[in-house]
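Following: one structure in structure tokens, then a few remarks.
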Amino acid sequence: TVTALDAAPGGGRFFPLRPTDTPVRRFAVLAPVGLGVVAALGAGFFGSAGALAIVLGLTVFGVNAGVAARQLRRRHPHAHLGLANAVTLLRLALVSALIIPLLGGAHEPVAIMAIATVSLSLDGVDGWLARRQGLASDFGGSFDMEVDSVFALALALLAALGGAPWFVILLGLPRYLFW
């Protein structure tokens, strides 16, 4: 069967995803996009944090995406990745970008709030998409929960560093205390 992608000039070789790709392959193609999002947000909004903080933000994304990819291989029951997991991967990139000001001391409250607002807004979208596409899975639920946990901890630490009382950090710890 010839798809529109295959019929494109060059046989679709310039577009990295094909309809027949496995979920792991799609995830592997989308993960570098997430790295690009972290790098762009880090350089664009938190450049004053320094290169090391940006590299650490990229590392947080890379490690978490790697763990998710491994779990995807083991626990994803569907033949397609679905938009929901792509949205969660984007949220992981946004949350990883919030690690940069945390580690580098970049005080950009407007950028932090904007990124946090987009990430929080997308939180409900991924579950809705999974149910709508019929691709809900234990993997997707766990992936979403892990991103939520890192997000909560990053926001709590950013709030504490921004002058909130130290005990605000407790709001970000439940997932890690009761793991």
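Going by our numbering, 1380 is the number at position 164 of the sequence shown; the sequence numbering is gapless.
Even glycine gets a Cβ: it sits at the ideal position worked out from N, Cα and C.
Kindly list the residues whose CB is nearer than 7 Å to the CB of V1240, restricted to its own chain and excluding five residues on each side of it in sequence; keep chain order.
Within the sequence shown, the letter at position 24 stands for residue 1240. Excluding sequence positions up to five before and after V1240, its CB lies within less than 7 Å of the CB of A1285, L1288, R1289, all in the same chain and listed in chain order.
Please tell me whether A1302 and V1254 are closer than 9 Å, where the distance is taken between their beta carbons.
Numbered from its first residue, the sequence shown carries residue 1302 at position 86. Numbered from its first residue, the sequence shown carries residue 1254 at position 38. No.
Does DSSP put E1362 in a helix, a strand or coil?
Here residue 1362 refers to the residue found at position 146 when the sequence shown is read from its first residue. Reduced to three states, the DSSP call for E1362 is helix.
Would you mind sorting G1350 into buried or exposed? The rule is 16 or more other CB atoms within 10 Å of its CB.
Counting from 1 along the sequence shown, the entry for residue 1350 is found at position 134. Exposed, by the Cβ-count rule.
What do you reckon, is the C-beta of R1348 under 8 Å from a heavy atom of the ligand ZN?
This structure lacks the ligand ZN; in fact it carries no ligand of any kind.
Following the continuous alpha helix (DSSP H) through T1304, name the residue where it begins and the one where it ends.
Residue mapping note: residue 1304 aligns to position 88 of the sequence shown, counting from 1. T1304 -> alpha helix (DSSP H) spans 1298-1320.
DSSP on A1352, reduced to helix/strand/coil?
Working through the sequence shown from its first residue, we reach residue 1352 at position 136. Coil at A1352, not helix or strand.
Taking the alpha-carbon positions, what's the D1360 to S1264 distance?
Counting from 1 along the sequence shown, the entry for residue 1360 is found at position 144. Counting from 1 along the sequence shown, the entry for residue 1264 is found at position 48. When only Cα atoms are considered, D1360 and S1264 end up about 30 Å apart.
Between which two residues does the alpha helix (DSSP H) containing V1283 stretch?
As a first step, residue 1283 must be located in the sequence shown, where it is residue number 67. Residues 1267-1291.
Helix, strand or coil for G1343 per DSSP?
The residue you call residue 1343 lines up with position 127 of the sequence shown. G1343 falls in the helix class under three-state DSSP.
Three or more beta-carbon pairs under 8 Å between the stretch 1315-1334 and the stretch 1363-1373, yes or no?
Output reads yes: the stretch 1363-1373 touches the stretch 1315-1334.
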